[in-house]
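Engineer: Position in the sequence shown (first residue = 1) + 361 = our numbering. C-beta: ideal position from N, C-alpha, C; glycine also. For clarity, every value in this text was computed on a predicted model and none was experimentally measured.
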Amino acid sequence: MDAFSPLPPAWTQTAIHGLQFCCPRCHGAASQAQKVWINRQSPVIGEDYRRRWQEFYHCDCEQVWWAWSSDRPPSDLTKKDSEANGI
Ligand SMILES: [Zn+2]
């Protein structure tokens, strides 16, 4: 499974919004998800003019959820990513 595939995988169709950037059912972390798909095809411009997109996660508990990339809590990993991309 390619997280950056242009077409949404079938499992993303049942996704519900995880407002806390974790699984709404079991509060599992995004980093523990079995599958990930990032909707880079249709970014949305937020109120602060930064682009954001939907990230879909297939949790261990079979719940599928999504959250805005801009809601992702900062971590060492994403920090390194941003530096590498010059954002
Ligand atoms: Zn879960």
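Which residue wins for smallest C-alpha separation from residue 466, given the options 380, 406, 384?
Structural biologist: Nothing about residue 466 can be reported from this structure: the residues present for the chain run from 362 to 448 only.
Engineer: Would you mind sorting residue 430 into buried or exposed? The rule is 16 or more other CB atoms within 10 Å of its CB.
Structural biologist: Classification of residue 430: buried, given that the 10 Å Cβ count is 16 or more.
Engineer: So does residue 395 have its beta carbon nearer than 7 Å to some heavy atom of ligand 2?
Structural biologist: In terms of ligand content, the structure shown lacks ligand 2 and carries ligand 1 instead.
Engineer: Taking the alpha-carbon of residue 406 as reference, which of 399, 400, 414 has the nearest alpha-carbon?
Structural biologist: Checking every option, the nearest Cα to that of residue 406 belongs to 414.
Engineer: Quick check on this structure: which residue in 377, 424, 432, 420 has the alpha carbon closest to the alpha carbon of residue 392?
Structural biologist: Checked all of 377, 424, 432, 420; the closest Cα to residue 392 is 420.
Engineer: Apart from the five residues just before and just after residue 365, which ones in its own chain have a Cβ nearer than 7 Å to its Cβ?
Structural biologist: Once the five neighbours on either side are set aside, the close Cβ partners of residue 365 are 399, 401.
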